[in-house]
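A short worksheet on the structure shown next.
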Amino acid sequence: MAHATLDSNRTAAPMKIRINRRGWAVLVGVPVFILTVAAAFLFTMLTSSAQASSQLPQGVPTVGVTVVPGDSLWSLAGEYAAGSDISAAVEHIAELNDLATSEIRVGDTLQIPVLSR
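Just so we're aligned: the sequence shown equals residues 2 to 118 in my numbering.
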């Protein structure tokens, strides 16, 4: 059996760390790289020329129409979208008024886009 003996006269010396050239490159290079990327990101965010518009978007003018007996989406689209594609106008009217079907009732008020008059 092997025995190890400790020298009682020896004091515990602090361990010295030696860093080679690659260690210094990592120790200094990684933080420098991270700071460079962060600075570039911050610079681009602060100097960005993208801005929100201060003007309201201009949409298609609409007119409120109360449905009377005999009206349909097709007849209203034909009247207010003269010269345009009637089926596209019907889809636009349905979308503007949140209509799930093409069914409308007498007394309903619909917003109709005025494409040409």
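Backbone N, C-alpha and C define an ideal beta-carbon position, used for all residues, glycine too.
Boundaries of the beta strand (DSSP E) in which residue i is found, first to last residue
| i | result |
| --- | --- |
| Pro114 | 110-114 |
| Val69 | From DSSP, Val69 is part of no beta strand (DSSP E); its letter is neither H nor E. |
Member of the options whose CA lies at the smallest distance from the CA of residue i
| i | options | result |
| --- | --- | --- |
| Asp109 | Met16, Thr45, Ser73, Gly30 | Ser73 |
| Val66 | Ala39, Asn21, Glu80, Ser54 | Glu80 |
Whole-angstrom C-beta distance between residue j and residue i, which should lie under 8 Å
| i | j | result |
| --- | --- | --- |
| Thr100 | Pro114 | Per the sequence presented here, residue 100 reads as Leu, with Thr not at that position. Rounded, the Cβ-Cβ distance is 14 Å, inconsistent with contact. |
| Ile105 | Val68 | 5 Å |
| Leu28 | Ile35 | Contact doesn't hold; Cβ gap of about 13 Å is too wide. |
Endpoints, alpha helix (DSSP H) assigned at residue i
| i | result |
| --- | --- |
| Val27 | 22-47 |
| Gly79 | 74-81 |
| Glu92 | 87-97 |
Cutoff 7 Å; reference residue i; Cβ partners in own chain excluding five residues on either side
| i | result |
| --- | --- |
| Pro70 | Val107 |
| Gly30 | none |
Same chain, Cβ closer than 6 Å to residue i, neighbours up to 5 away in sequence not counted
| i | result |
| --- | --- |
| Ser103 | Leu74 |
| Leu77 | Ile113 |
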